[in-house]
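Single-structure report; data block below.
Protein chains: 8
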Amino acid sequence: MDKKEIKILLQEVKDNKINVEEALKQLEDLPFKDLGFAKIDNHREMRVGYPEVIYCEGKTVSEVKDIIKFMLTKDNNILGTRANEEMYNAVKEICKEAEYNKFGRTITIEKKKQPLTDSYIAIVAAGTSDLPVVEEAYETAKILGNKVEKIIDVGVAGIHRLFAKLDVIRGAKVVIVIAGMEGALASAIGGLVDKAVIAVPTSVGYGANFGGVAALLSMLNSCASGVSVVNIDNGFGAAYNASIINKL
Amino acid sequence: MDKKEIKILLQEVKDNKINVEEALKQLEDLPFKDLGFAKIDNHREMRVGYPEVIYCEGKTVSEVKDIIKFMLTKDNNILGTRANEEMYNAVKEICKEAEYNKFGRTITIEKKKQPLTDSYIAIVAAGTSDLPVVEEAYETAKILGNKVEKIIDVGVAGIHRLFAKLDVIRGAKVVIVIAGMEGALASAIGGLVDKAVIAVPTSVGYGANFGGVAALLSMLNSCASGVSVVNIDNGFGAAYNASIINKL
Amino acid sequence: MDKKEIKILLQEVKDNKINVEEALKQLEDLPFKDLGFAKIDNHREMRVGYPEVIYCEGKTVSEVKDIIKFMLTKDNNILGTRANEEMYNAVKEICKEAEYNKFGRTITIEKKKQPLTDSYIAIVAAGTSDLPVVEEAYETAKILGNKVEKIIDVGVAGIHRLFAKLDVIRGAKVVIVIAGMEGALASAIGGLVDKAVIAVPTSVGYGANFGGVAALLSMLNSCASGVSVVNIDNGFGAAYNASIINKL
Amino acid sequence: MDKKEIKILLQEVKDNKINVEEALKQLEDLPFKDLGFAKIDNHREMRVGYPEVIYCEGKTVSEVKDIIKFMLTKDNNILGTRANEEMYNAVKEICKEAEYNKFGRTITIEKKKQPLTDSYIAIVAAGTSDLPVVEEAYETAKILGNKVEKIIDVGVAGIHRLFAKLDVIRGAKVVIVIAGMEGALASAIGGLVDKAVIAVPTSVGYGANFGGVAALLSMLNSCASGVSVVNIDNGFGAAYNASIINKL
Amino acid sequence: MDKKEIKILLQEVKDNKINVEEALKQLEDLPFKDLGFAKIDNHREMRVGYPEVIYCEGKTVSEVKDIIKFMLTKDNNILGTRANEEMYNAVKEICKEAEYNKFGRTITIEKKKQPLTDSYIAIVAAGTSDLPVVEEAYETAKILGNKVEKIIDVGVAGIHRLFAKLDVIRGAKVVIVIAGMEGALASAIGGLVDKAVIAVPTSVGYGANFGGVAALLSMLNSCASGVSVVNIDNGFGAAYNASIINKL
Amino acid sequence: MDKKEIKILLQEVKDNKINVEEALKQLEDLPFKDLGFAKIDNHREMRVGYPEVIYCEGKTVSEVKDIIKFMLTKDNNILGTRANEEMYNAVKEICKEAEYNKFGRTITIEKKKQPLTDSYIAIVAAGTSDLPVVEEAYETAKILGNKVEKIIDVGVAGIHRLFAKLDVIRGAKVVIVIAGMEGALASAIGGLVDKAVIAVPTSVGYGANFGGVAALLSMLNSCASGVSVVNIDNGFGAAYNASIINKL
Amino acid sequence: MDKKEIKILLQEVKDNKINVEEALKQLEDLPFKDLGFAKIDNHREMRVGYPEVIYCEGKTVSEVKDIIKFMLTKDNNILGTRANEEMYNAVKEICKEAEYNKFGRTITIEKKKQPLTDSYIAIVAAGTSDLPVVEEAYETAKILGNKVEKIIDVGVAGIHRLFAKLDVIRGAKVVIVIAGMEGALASAIGGLVDKAVIAVPTSVGYGANFGGVAALLSMLNSCASGVSVVNIDNGFGAAYNASIINKL
Amino acid sequence: MDKKEIKILLQEVKDNKINVEEALKQLEDLPFKDLGFAKIDNHREMRVGYPEVIYCEGKTVSEVKDIIKFMLTKDNNILGTRANEEMYNAVKEICKEAEYNKFGRTITIEKKKQPLTDSYIAIVAAGTSDLPVVEEAYETAKILGNKVEKIIDVGVAGIHRLFAKLDVIRGAKVVIVIAGMEGALASAIGGLVDKAVIAVPTSVGYGANFGGVAALLSMLNSCASGVSVVNIDNGFGAAYNASIINKL
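Protein chains in written order, with UniProt numbering: chain W, 1 to 248; chain H, 1 to 248; chain D, 1 to 248; chain F, 1 to 248; chain E, 1 to 248; chain S, 1 to 248; chain P, 1 to 248; chain X, 1 to 248.
Below, the structure written as structure tokens:
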């Protein structure tokens, strides 16, 4: 309701076309429906096809179950991240279609099949130890309706394996690079493709790796220009981000 | 040159259509021109419209001048980042069209006018102290051919100012958020828009800010899902990244 | 009581104006009541209504039980923080009225009902994962005799939920803000209310969160002016502090 | 303007007491002035007696001058923090009443004399080297209208000097403790007074002090319960916070 | 296959000595086998005597078993690092010759006896607590075909024990120094021998050792010139590196 | 054996007072027994009354048992630090007199009663949670033959309790201060006594305590001049150090 | 003097056994002499021969001059640390006898010649770059009345130079070890002498030295038992501490 | 002088072939010349061709001049690192042949031409900004008598440039990799060559680079096995190390 519409409303009051009570009711809702503030209210949850997301870590099995029970009353798809098997079993009791990705530790419930995108997200990972993050990213991207290509075990130390997969990586609309240890893969790929690269440092490593800090700093300081970074082990965030870009 | 073409070539040798020397020459170039490796060689610099970039910090005035002199022999636009005024003056001597953004510390030379994108990048910044990073991002985005909207001084501590600009931000195809101190703006905007948000922590602040680390960690840990992060004060990287996305 | 007064007192004894017992009583209190040192002695423990506090982490079950047994011999209320269920069960054996807050991990024994304050402390938290800290703060504030309002799950990523509760927050005399991850809520609220805000970073998060450091730095660097910070997960300290202010 | 007032307005339109244009104008301002959102807009700057604050560090002399010039058009008092002498001289040109605190590096312009509070803020500092932070806090507290008592050079290493001033400290409504090096003073005072203690770590020290980190961590881990902390060297923030509490 | 050989091949095609299909097959492999890019492909794994290496940490027992099963199909020796006893038992089921070093947590399978080098690697360690790293280095060096001398418990605090072994250390072609706590041994030996010293900081220690960081920094800052460093506890990397040097 | 003695020896050879073999034997030991280098060899272990020390953490039960078994063949007292109860039980089997301090996690075997020093070491601790470090220091000091006074629970937050014990602390020849959290006690005592203060930060605390780093930094930055610091939780080192001083 | 004794005293006054003046005198001293608090007041400044110390860093030239002017009114010796030459010149104007140590950056004013100790403090330093800290320690020790032996340039990388000076080091009553880079010298000496070793890490070094942190951590983790540590570059603190021990 | 020789000496004394004084003199030198300890004394400086090294940073111009003046009295070549131009000019006054490498900040004085090695050290650097470290390594390697190949500007972001130089790199006996920012080049090369790789992180970069820490951690965590690391910017150390290996 913009200025013009309010003017019309006032004119109608003046002209006795609507009574004061009715006009009041319409104006009352004004700041919540039509103005900046109102837009906030509705912007995310109402969007069709967006899944409800629950971060399970640090929650009890029954808390996870209860939250998902409540989510099931709505029409959205559901994604539980950092979920253990026990949580999954509890969820399974109330929802047969729930699926569990053991490596990615995700619970997914797809209530309405998402139409897949034509373009795809490439998820590239340095080593098999990065698999948990790869799978979290994969499940997130999938439930958000994206086509995904996974390219695993193409670390910088054996760079020829990376070259063998370059076509698949370059064919993507956006690339997620997942790497632990020194995280050099992000720079290598950032220099080889001309796509937005979302880098995920993983906590894979030991000693001066400091739980992923080495890879994180490496990626933030990438000499390749098109690389941005998400939190350590945050496969979900990378995929969520990539999904926004892939759907442009 | 794929398998089929090599077969044809061999057949031609066999049939004496071309001689051995000629065939050898063609095959010789094989791994550098047509295979994975060759693609690398040409992928970035040859792309039309991409500017040459020079990071001036830590270089001497005459080094900057020499490098840009060489760049001018090619046809690309040129972007110098972290350049001081002295460097600019030296460059100006060899190139009249060179322009300097004092706040952003960028030298830009636009040899061919770039066609602007229809969609735009929103550059949102928390405070006026973040201006140097804003301007670096702005000049980078512009020379890459992007339409840009700058929204300054909309920090979280005065959140109503942010709301007043929400429409402009939401209208963008991709959003760059630049903030120092506690960097909370990235989360706030990440929760309000449904676009990819590229967050740039700045070194603005003091004490436990640790030169931008507070904002960096804040942004990496953002509770909003669509946020990725680049290095502290890296306005260039954010804009480069945003440009890739804006042109999708 | 200075030298002159003591001399007068002694003269009165000599002159039989007051008897020895009475003089003794006056002198007895001397070093403890009138001098700097004496003030120290009495300032905290003797104050009516202040609870005895025991930090249970790192103590054995029987140590906790023994300490509380001793505390029960005095008249004060008792608050045990960071207590596990086993500790509670042991305490229950010696004190029927002991209550346990499972989330906040507090044991409370209210020997004399505290009169509640008229004004209230608002405890605002970003997410349900911050609940343990919320509950520790809540129990602490309650046993110190404060009226408390809890406002949960109003994180920055869904800022409209925060606005819906703004009146309750603004109605408080002092506000505790509890948030993990990037801790941006402290800045957002600090910018929206004109009350003293005591921020509690929580260790909720992962990766570059570094066990709450991200939120801690974020809060220390808050661009909002009225924010002060306590240790990571220190719900007790925040509530203790807030109680002092709420009772002004 | 609440529901009742809007109803009256509409009735006046209906009754032709005011015309549509005029009513429109009043309603137009509605969401910015009277509703939830509007409260935000006005909550800080409009408050009587609150000074405009400008953080001068990293700004040029002429930027500081321009901003203060603009501020002078409004009726509020003005506080510039982290200002150097050159900035002050520039400001002096446009405002004779501007005063400069050389140690605290503050510029203050008091356009209307503030009524002083009855209660006072105690600013306690460990050493004379902490003076810059002490003075920043002092000037901030004063321009916010608070009575202030400064107690300097009462570090923990000579604790008897602290005891000699205990009465003044205990008489305050809220206490600011400023200390560098190991910052132990905050704990010592926190254990001696029953007031809210706002601790300011300073960057005074060297080596493993790490620019104030030692004092910061010390204060965050204080074994005394009533201590909260602001950023390193943030005298302004501490005083702003203390002012809110002192005016309760 | 170099230029000359390709020419011969083409001549053979021309001369009908081999048919097109056959020549195609040989050329097809060209870029992967004989040219710059191809060298990459084969450079490491195919080298005679080089073991296959598997880093077992973070893998499940059955994953380790499966990977080694696959490795056994090739002719190389096998080294599993950071393996627990359960993994070893699983491997033993499929390969009788597998051996386990309990302290070094290595699984080794020596399919063809390596000829030993004449020169030797000296592995020098400060204390018995560094044994796990010593043994990992030892097993790695051995399976790579090196003669090794272990000199244990010669920490800097009892420097005479080190002197007693100086001849053995000086007789080596390259020296690995393994030390936790303050890691001073690397500097001491670096000052006493004229060989390349590869230093391995270990996570042995507590408190301000920070899991090996103290020793790491100490070694990186060694005042002795011939010292280079690998990651904390990385006995494997040190031995791999030393092996390259020992075989020069 | 100095120059004069060697000369005498040679004269005796010349004079046939001793034969060549015998003289050779005496000279053979020369560099190891009598010269600079030799002093090293014998300086510590041979000293009467010095205990053998074994750091048990990270060793297996049987390793601890074996090492102590070997130590028992010599005449010295024995101190095992960071030992668990299982280790103690194993040691008890081979040595009835072995004693265990459950809190300090020390095993002590006193083969010859040490004569006690006249002067004493004061061990002062902030809280009961610091007990494990207190007891480790206590057992170490005792087996080294020192008289010890323990003063517990005199933290800075209740400074009057500290004053009540000042005489005992001042009576000591050297003072060990053990404190976690913010470690302010070291500064407070350093300012109150004129003895060498050896400060031990403990890992007691949580959040921004970072496992004792807060206390460590606090103590290193102490504003009191006579304070030196040992590693976090290093009760043994502090007592060893104090013993050297106490015996001066 | 307890309750009973005061009662007796009062009875004596009453009975005229002692007069009021005499009783007053006894009571007068009560809070200042017999209680903890009184002792505090007198412990440091009044001690004969102790110098007044002023830390000059961060003070202005005129502040330093004023403070020393005031100090000169008392009878003590004076030590100014971290003083620059300009400060010294200013001090010289008001005190001819002031001396300046350029390397150590100390101003010393010896008003009464101190009697030297018989025993001496050994100050041992790794390299000539550590000289500033060596000289600060030296001047401090001297003005406190200690005999001092300096042993310079005996770093671990050339350990034979250290051995050549071992006798001098071992002859000391207490040893100060000053070293930058990896700080290994503290451990080496700690293992060679049986004296209390006070280690001073210096900020000499670069890169991963982190301004002395490498040496600091190295020294805190020393495998030698008799080493305690003071702050980075804190030559004053080490010497103050050593002086206390040397005078035992 | 071994056991046998001493026996002969004693026999000669006995047989009056040499007198006691003479024998004494020979024995006197024993521990310093022929035994373990003596070896230390002579091992490094006496070696022919080894340069004297002086680290100039933090020294005054005249100190550098004096030290080099003294060095010139010996016969060795001289290398000054981290020297500025002013230092060089001063040195030039006393030694005409002194040369200065402006980028590498080295002063070299080659008194006797070193015979060059047949094999060479490859110095590979990511970017032109790493030049100072490259040149320091280059000058060091050269004065130590090594043949050197420099390969500059082959960063990971343009990996094809690296491939073009692979043959030169693979031809080296040992490889130095110098890289700032994320330091990924070390891993890339470590995976492509089978030589010992000595990695030098440089402080080139900004923000979360933390003065070279990002590259340092990256290199320490390299997924390639043959990589060891020296301190940030330590071109000298890398070349010294490489020289030892190159001369094997």
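Virtual Cβ for every residue (Gly too), placed ideally from N, Cα, C.
If you're wondering where the values come from, they're calculated on a predicted model, not measured in any experiment.
**Prompt:** Counting Cβ pairs closer than 8 Å, one from the region 224-243 of chain S and one from the region 128-141 of chain S, do we hit at least three?
**Reply:** yes
**Asked** Are three or more beta carbon pairs between the region 118-131 of chain D and the region 199-211 of chain D nearer than 8 Å?
**Response** yes
**Asked** Around the Cβ of residue 210/D, are there at least 16 other Cβ atoms within 10 angstroms (buried) or fewer (exposed)?
**Response** buried
**Prompt:** Is DSSP giving residue 23/D helix, strand or coil here?
**Reply:** helix
**Message:** In whole angstroms, give me the CA-to-CA distance for residue 16/X and residue 228/E.
**Reply:** Their backbone Cα atoms lie some 54 Å apart in a straight line.
**Request:** Excluding the 5 residues preceding and the 5 following residue 83/W in the sequence, name in chain order all residues of the same chain whose CB lies nearer than 7 Å to its CB.
**Result:** 56, 64, 105, 106, 107
**Request:** May I have the straight-line CA-CA distance separating residue 188/H from residue 247/W, to the nearest angstrom?
**Result:** Taking the straight line joining both Cα atoms gives about 23 Å.
**Asked** Is DSSP giving residue 79/S helix, strand or coil here?
**Response** strand
**Residue closest to residue 158/S, alpha-carbon to alpha-carbon, out of 176/F, 178/F, 194/F** = 194/F
**Proximal residues of chain F, C-beta to C-beta of residue 192/S below 8 Å** = 159
**Asked** With a cut-off of 8 Å, does the C-beta of residue 187/F fall near any C-beta of chain S?
**Response** yes
**Prompt:** Residues in its own chain within less than 6 Å of residue 152/F by CB, not counting five upstream and five downstream?
**Reply:** 125
**Prompt:** Relative to the C-alpha of residue 219/S, which residue among 183/S, 245/S, 242/S is closest?
**Reply:** Comparing Cα-Cα distances from residue 219/S to each of 183/S, 245/S, 242/S, the minimum goes to 183/S.
**Prompt:** If the cut is a Cβ gap below 9 Å, which residues of chain S does residue 218/F touch?
**Reply:** 181, 182, 183, 184, 214, 215, 217, 218, 221
**Message:** Please list, in chain order, the chain D residues whose beta carbon lies closer than 9 Å to that of residue 233/W.
**Reply:** Correct list: 206, 207.
**Item:** Selected residue, minimal CA-CA separation from residue 120/D, among 112/D, 100/D, 133/D, 141/D
**Value:** 141/D
**Limits of the alpha helix (DSSP H) - the one that residue 17/X falls within** = It is not in any alpha helix (DSSP H) - residue 17/X carries neither H nor E in the DSSP assignment.
**Request:** Jot down the residue ranges of each uninterrupted alpha helix (DSSP H) in the UniProt domain "PurE" (119-248) of chain E, minimum 4 residues, whole runs only, in chain order.
**Result:** Runs found: 131-143, 159-164, 166-170, 185-192, 213-220, 235-246.
**Listed by chain order, chain B residues near residue 155/S by CB distance under 7 Å** = Absent from the structure: chain B. Protein chains present are W, H, D, F, E, S, P and X.
**Message:** So, at 8 Å on beta carbons, what are the nonlocal neighbours of residue 180/H in its own chain, with the 5 sequence-adjacent residues on each side left out?
**Reply:** 126, 127, 129, 130, 201, 202, 203, 204, 205, 209, 212, 215.
**Message:** Less than 8 Å between the beta carbons of residue 81/D and residue 53/D, yes or no?
**Reply:** yes
**Item:** Proximal residues to residue 173/F (C-beta, below 6 Å), its chain only, five neighbours per side dropped
**Value:** Taken in chain order, the residues that qualify are 119, 246.
**Prompt:** Using a Cβ-Cβ cut-off of 7 Å (strictly less than) and excluding sequence neighbours within five positions of residue 26/F, which residues of its own chain qualify?
**Reply:** 9
**Asked** Whose CA, out of 155/H, 51/H, 70/H, 217/H, lies closest to the CA of residue 232/W?
**Response** 217/H
**Asked** Between residue 110/S and residue 143/S, is the Cβ-Cβ spacing less than 8 Å?
**Response** yes
**Item:** Range covered by the beta strand (DSSP E) that runs through residue 258/E
**Value:** No information on residue 258/E is available, as it lies outside the stretch 1 to 248 that chain E covers here.
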